[in-house]
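Heads up, the thing below is written out as C-alpha cells.
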Amino acid sequence: MLYNYFRWNKYSDQPETLSDKRFKRVIYLKGAYASLKTLLISLFIPLIGILRLFQRRVEMGKNINCFGLCINPDYPLPEKISPSTEQIRQMVDEINITNLLIRLPLADYDHKEKYFNFIEGFSDKHILIHILQDRNHIDNPKLTKQHLREIFSRLQHITKYFQIGNSVNRKKWAFISMDEYFNFFQIAQKLQKKEFPTIKLIGSSIIDFELPFIARSLIHWWPIKYDGIGMQLYVDRRGAPENKQFGCDTIAKINWISSIMKISRKTVNSLWITETNWPLANTKPYAPAFGNCMVSEEMQTCYLVRYFLLAIASGRVSKCYWHQLIAPGYGLVDNRGLKLRKRDAYYSYKTMIKLLEGGKTISFSESTQLYRLKIENNSQMIEAVWANNVSSKINVPKKTKILSIFGELIEADDTNQVEVSDYVIYLISDIESNKGS
Numbered sequence: 000m001l002y003n004y005f006r007w008n009k010y011s012d013q014p015e016t017l018s019d020k021r022f023k024r025v026i027y028l029k030g031a032y033a034s035l036k037t038l039l040i041s042l043f044i045p046l047i048g049i050l051r052l053f054q055r056r057v058e059m060g061k062n063i064n065c066f067g068l069c070i071n072p073d074y075p076l077p078e079k080i081s082p083s084t085e086q087i088r089q090m091v092d093e094i095n096i097t098n099l100l101i102r103l104p105l106a107d108y109d110h111k112e113k114y115f116n117f118i119e120g121f122s123d124k125h126i127l128i129h130i131l132q133d134r135n136h137i138d139n140p141k142l143t144k145q146h147l148r149e150i151f152s153r154l155q156h157i158t159k160y161f162q163i164g165n166s167v168n169r170k171k172w173a174f175i176s177m178d179e180y181f182n183f184f185q186i187a188q189k190l191q192k193k194e195f196p197t198i199k200l201i202g203s204s205i206i207d208f209e210l211p212f213i214a215r216s217l218i219h220w221w222p223i224k225y226d227g228i229g230m231q232l233y234v235d236r237r238g239a240p241e242n243k244q245f246g247c248d249t250i251a252k253i254n255w256i257s258s259i260m261k262i263s264r265k266t267v268n269s270l271w272i273t274e275t276n277w278p279l280a281n282t283k284p285y286a287p288a289f290g291n292c293m294v295s296e297e298m299q300t301c302y303l304v305r306y307f308l309l310a311i312a313s314g315r316v317s318k319c320y321w322h323q324l325i326a327p328g329y330g331l332v333d334n335r336g337l338k339l340r341k342r343d344a345y346y347s348y349k350t351m352i353k354l355l356e357g358g359k360t361i362s363f364s365e366s367t368q369l370y371r372l373k374i375e376n377n378s379q380m381i382e383a384v385w386a387n388n389v390s391s392k393i394n395v396p397k398k399t400k401i402l403s404i405f406g407e408l409i410e411a412d413d414t415n416q417v418e419v420s421d422y423v424i425y426l427i428s429d430i431e432s433n434k435g436s
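Numbering-wise, the sequence shown is residues 0 to 436 according to numbering that gives the first Met the number 0.
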C-alpha cells in the first residue's frame, strides 16, 4: 500500500523525505493531470500582479491580536526530556500568549486520548486544532469521516477552529495532488454543514511561497469554501525576513497571498500564518532543514521578532503562530539533556507580546535597510526600530524610554542617539509627551 512509503521523522517532527526513486516516479505520474491544472492556473498570476499595483504595501490602523504559538505533546526520545503538560502550561502563561495551535495527527489516532487530554488542558485559550493527514486516511474516506466526526464532536466545546491538512504541496506529506486535498477537505466541510455548523474550517494549507500552488488552492471548481486561509509561510531560505525571494520580502509575500484571496470565491478574507521558524545551526538531526537556511540562536531571536513586526505592519494577517514552543532544532525551548533551556528567542517573544498585544498600528517606514513600526498601546507610543544587516544611529526624542529586544533599559549616548542593529529596540513615550515633541 502507498502509506508504507510515508514515514515519520521523530527527530524533526515531520515526514521523512521520499527516497525511493521508483515510488516517486509513480506518484508524480499519478498526479500529472492535477499538476497540469496547477500549471494552467498559474497563467493567471501575472494578471494578479497587475492588480497588486493598486494595492497598498501596508495597512495601518489595525488592532494587534495576532500573536500565536504552536504547542504539542512531546515525542519521547532517550536523549531529551519530555515536559509535562503542566510545565508547558507554565511557559505558555509566562509568555502570556492567548492563541495556541495544537497538532492532531491522524497517523497517531490510536493514541487520540493523549491529544484530547492535552488540548483540554488549555481550554481557556483560543485554540486552532491542526489536523494532519496521512495516506491511510486519504485513501479511506469513510475512516476520515468517522475520525473527523469524533474530533469535531469531542472538541467543539473547546474551540471552533480547525485547520484541515498541512503542507499539501509537499508529496512527503502524502497528498499526491491538490485534487486529493480538495476531496479530503470536502469530507470535513460536509460534516460541518450537516452536523457541526458552528465550527470553522481553515484550508489551503500551502507551505512556503509557491504562488502556483497558492493560486490553485484558491482558484478551482470544487464545491468547497474555506473559513480562512492557513499558510505555512516560511522565509528561512532567504535568511532575514526582509530579504527578497522572486523580488518579494515577507510583506510582499503576504500581499500576494492577500491579492489571490480577494479574487477567489473560495474563502473569507482571513489569513492565518500557521507555521514559521528558522532551523538552528548545530542541531542535527533535530532541525527540519539543513544548509544556508540554518541560523544561530542569536539570529533566531532577531528574525522571530522582525517577522512578526512585518506581518503586523502588513495589516493583512489575522493570526501568526511560531512553530513551536519546545523543539531542539527550531523551538523557543531546547529540551535536549536533563533540563529545559529557554532560548533568547523565548524572552524576545515574551517582551514583544507584553509591549504590543492589544495595540494599534500607527505608521511604518523603511529606507536603506532601516525599519520603524509605530504602535499605540496603553496610552503610550511604542516604536519598534531595527536594521537588516547594517548598523546605524538614530536620534531619540527627549522623555523617551529605550528598551532592548528583551525589555532591558538602554541609555542613549551623550548626543541623545542610540545604535540600531539587527536586534529590535523599542522607543516608548507617553502619548501626551509624544504630541508635544
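Beta carbons: idealized from backbone N, C-alpha and C, even for Gly.
Spanning the alpha carbons of D333 and M293 requires a straight line of approximately 16 Å. Considering only G357, N268, N376, T16, the residue with the shortest C-alpha distance to K170 is T16. Within the stretch 62-131, the complete beta strand (DSSP E) runs of at least 3 residues fall at 66-70, 98-104, 125-131. For R340, the number of other beta carbons within 10 angstroms of its own is below 16, and it is reported as exposed. Burial state of Y32 is exposed, judged by a 10 Å Cβ sphere holding fewer than 16 other Cβ atoms. The stretch 63-75 makes contact with the stretch 92-100; the number of CB pairs closer than 8 Å reaches 3 or more. Ranking I206, R102, R264 by CA distance to the CA of Y233 puts I206 first. With a contact defined as Cβ atoms closer than 8 Å, I163 and F184 qualify at about 5 Å. When the five nearest sequence neighbours on each side are left out, the beta carbons in the same chain lying within less than 6 Å of the beta carbon of P211 are those of T37, S41, in order along the chain.
The DSSP assignment places 199-206 as complete runs of the beta strand (DSSP E) inside the stretch 168-215, in order along the chain (cut-off: 3 residues).
When the beta-carbon positions are compared, I126 and I157 come within less than 8 Å of each other. If you check the CB distance, I311 and M380 do not come in under 8 Å.
Assigned with DSSP and collapsed to three states, N268 falls in coil, not helix or strand.
For T249, the secondary structure class from DSSP, reduced to helix, strand or coil, is helix. Cβ-Cβ separation between F117 and I101: approximately 7 Å, consistent with a contact (criterion under 8 Å). Pairing K29 with I137 gives a Cβ-Cβ distance that is not under 8 Å. Residue burial is scored here from C-beta neighbours: F53 has fewer than 16 other C-beta atoms within 10 angstroms and is therefore classed as exposed. With contacts defined by Cβ atoms closer than 8 Å, G314 and T360 form a contacting pair. Taking 8 Å as the cut-off, the Cβ atoms of S391 and L369 count as close.
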